[in-house]
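Worksheet: the structure to be examined is printed underneath.
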Amino acid sequence: MEIKKPAVAGTLESSDCMVTVEPGQGEIELDLDSVVIRQYGKQIRKIIHETLDRLDVNNAKVTVVDKGALDCTIKARVECAVYRSNDIRDNLPWGGVIR
Amino acid sequence: MPQTVTLEQVLEARERRALRQQALLARYRLPLVSFSMNIAGPVKNTQLIRRGFRLGRRTLLEHLRLSGIHAVQEEQTDTVTGCETLLVTDGEPEQIKKIACSIEDNAPLGRLYDMDVIGTDGAKLERPEPRRCLICGQPARACARSRTHSVEELQDATRTLLKAALEKEDAITAARLAVQALLYEVCVTPKPGLVDRENNGSHRDMDIYTFMASASSLWPYFADCTQTGRQTADRPAPETLAALRPLGVRAECGMLRATGGVNTHKGAVYSMGLLCGALGRLEREKWANPAAVLSEISAMAQGSVERELGGVTQESARTAGQWLYALYGIAGVRGEAEKGFPSVTVYGLPVLEEGLAQGKTADEAGAAALLTMLIHTTDTNMAARGGIARGQEAAARVSTVLEDSPYPPKEAVEELDREFIADNLSPGGSADLLSLCWMLHFLKEEPI
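Here the protein sequences line up with chains A and B, keeping their order. Quick note: the first sequence uses our numbering, first residue 621, plus one each step. Quick note: the second sequence uses our numbering, first residue 826, plus one each step.
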């Protein structure tokens, strides 16, 4: 999937994260800020990359501000931001491409 | 069955909340408090959770008001994803954050409260100390991220915390209103033959201060009755009454200690204790419904006349109540309780509340309620002090006064007072019923 325009998903509440995707410069550029970066930074990066891979996103600038979200939340927020950048807003295919 | 929510619903609710926050910030340019409950698992909204939320909201508003901060605007939502409120306030964000953190850290349900403070720039203020885990007390962030505790464990801890805190809150509310009701009863002036603010009626061993001391001593008893009612709520109603009995004995001892040996509230210990026990058995939402409260009392008191008075003979009677039952078959307060205090529902409470609604004072409406119950019950105190015949005669005399006006003028009640005092009459049983009327009235007025 192509990142056509900037899009945001999520909030800065505790146990949530805010994901911003923007058109990239030929690769995935990930900027991660997390309240649990010391213990879980690696794991969070992994889940973000996996999610982007599955959506076939390979050219994007991705900014994630994490407030202690669970993996499933991070995954859902990344997916939602990618879909929104493609103007898919309703009936997100949670059960399809998104697993 | 409580409704469950999906992750998507929760995430969507958070985004919608963020949007509402932004809209309010844009419109008012004032700091916001965003309060929601922190509930683990897929069930985010139950009656128990909602009550916890309401308690938190009230606490927040009260604490803000103490610091001179007011809610300029409020948006509340109550959906399957949970209860939340957004408060637009006129205070300084840092001060508001301090108040919010103090509630989160100190209130009985504080660990379940999420009180975010958002400055006019849209940024959430950070708390100085991390939140603590509900279960292990470690920083909550780490426990949540690593799912250290199972959802079941968290749900159990949440339910236990909510139940205990609300049980205590309810007991405090019931006890406060019960004592208030006793104090209102004694303060209603004039009352024939009874202690009031003007005189001691037909009593020589007590005055209004004795009643103050006595009512104060009963506060913990009423709280205990309510908690006992709650703890025995799943058992048959008469078992609650049985569980209240030892508390009542202790309360009477405490009363005698507080009054220097004078029996001021013996009847109230029974009837108001029973009422508080009934409140404990009922959901908080039903407290404002007198019919529900009184029918619960009736269920609790079933069989108590037969059990307590059944075998009593003139020879074995030791109390005034036993003696009257043995002699005349007057079942007194136990009989009234078994029937769910019909004199309160049918006569006392309507007269009290109609009077207050018409703008009568507490004295006028209270005295009218007392007098109407006096003529519609056999007041065992009247009978015990003056004999059955004199009691009936006095009741007939009160009837003629009430025929002129259901809310007799002060002078007419003062005249009755003089007559009752001359004959050493005191309608103590009706006075206890008046306390019940006040209590049921206060329960209707009390916000949940």
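Beta carbons are placed, not taken as given, at the ideal position from N, Cα and C, and that holds for glycine. No experiment lies behind these values; they were computed from the predicted model shown.
Our two residues, Leu891(B) and Gly916(B), have alpha carbons roughly 12 Å apart in a direct line.
Judged by DSSP in its simplified three-state form, Gln901(B) adopts strand. By the neighbour-count criterion, in which a residue is buried when 16 or more other Cβ atoms sit within 10 angstroms of its Cβ, Cys1101(B) is buried.
Residue burial annotation: Asn931(B) is exposed, with fewer than 16 other C-beta atoms found within 10 angstroms of its C-beta. For the region 855-934 of chain B, the full-length beta strand (DSSP E) segments reaching 3 residues or more read 857-862, 896-904, 907-914 along the chain.
Bounds of any alpha helix (DSSP H) do not take in Glu1023(B), whose DSSP letter is neither H nor E. When the beta-carbon positions are compared, Val1176(B) and Thr1197(B) come within less than 8 Å of each other. Listed in chain order, the alpha helix (DSSP H) elements of length 4 or more contained wholly in the region 934-998 of chain B are 965-971. A contact between stretches requires three or more CB pairs, one per stretch, nearer than 8 Å, and the region 1045-1053 of chain B meets this requirement with the region 1061-1073 of chain B. Using a Cβ distance threshold of 8 Å, Cys692(A) and Ala629(A) do not count as a contacting pair.
Residue environment for His895(B): exposed (fewer than 16 other C-beta atoms within 10 angstroms of its C-beta). Taken in chain order, the unbroken stretches of alpha helix (DSSP H) that lie wholly in the region 1076-1136 of chain B and span 4 residues or more are 1091-1106, 1115-1126, 1129-1134. Distances from the alpha-carbon of Leu886(B) to those of Ser859(B), Glu1189(B), Glu1023(B), Ala996(B) put Ser859(B) closest. Contact with chain A is found for Asp941(B), since one of that chain's Cβ atoms lies less than 8 Å from the residue's Cβ. Taking each of Glu1218(B), Gly1216(B), Ile997(B) in turn and checking the Cα distance to Leu1268(B), the smallest one comes out for Ile997(B).
Ala1103(B) and Lys695(A) have their C-alpha atoms spaced approximately 51 Å apart. Remark: C-beta atoms of Asp903(B) and Arg875(B) approach each other more closely than 8 Å.
Interface with chain A (8 Å Cβ-Cβ cutoff): Glu840(B) is included.
Per the C-alpha coordinates, the member of Ser1255(B), Ala1221(B), Leu1261(B), Leu1265(B) positioned closest to Glu1244(B) is Ala1221(B).
Lys687(A) carries a coil assignment under DSSP once its states are collapsed to helix, strand and coil.
Residue pairing of Gly630(A) in beta bridges, as defined by DSSP: Met638(A).
Of all residues in the region 826-837 of chain B, those with a C-beta nearer than 8 Å to a C-beta of chain A are Leu832, Glu833, Leu836, reading in chain order. For the pair Val1004(B) and Leu1043(B), the CB atoms are nearer than the 8 Å cut-off. Segment contact: the region 675-687 of chain A against the region 635-648 of chain A, three or more CB-CB distances shorter than 8 Å; contact assigned. Sequence-distant Cβ neighbours of Asp941(B) in its own chain, meaning closer than 6 Å and more than five residues away, are Ser859, Lys949. Just so you know, the alpha carbons of Arg854(B) and Glu900(B) end up roughly 16 Å apart. As DSSP reads the structure, Asp653(A) sits in a beta bridge with Val685(A). At a cut-off of 8 Å between C-beta atoms, Ala848(B) does not count as an interface residue with respect to chain A. Separation of Cys926(B) and Gly661(A) (C-alpha to C-alpha, rounded to the nearest whole angstrom) is 28 Å. Contact annotation: Ala1062(B) and Glu994(B) have beta-carbon atoms that are not nearer than 8 Å. Taking 8 Å as the CB threshold, Lys949(B) lines the interface with chain A.
Among the residues facing chain A, Ala1076(B) is not included, as its CB has no counterpart in that chain under 8 Å away. Residues of chain A with a Cβ closer than 8 Å to the Cβ of Ala925(B) do not exist; the shortest Cβ-Cβ separation is about 13 Å.
Note that the C-beta distance between Met1125(B) and Leu1099(B) is below 8 Å. Here the alpha carbon of Asp1188(B) sits roughly 35 Å from the alpha carbon of Leu1152(B).
Residues of the region 639-655 of chain A with a C-beta less than 7 Å from any C-beta of chain B: Val655, listed in chain order.
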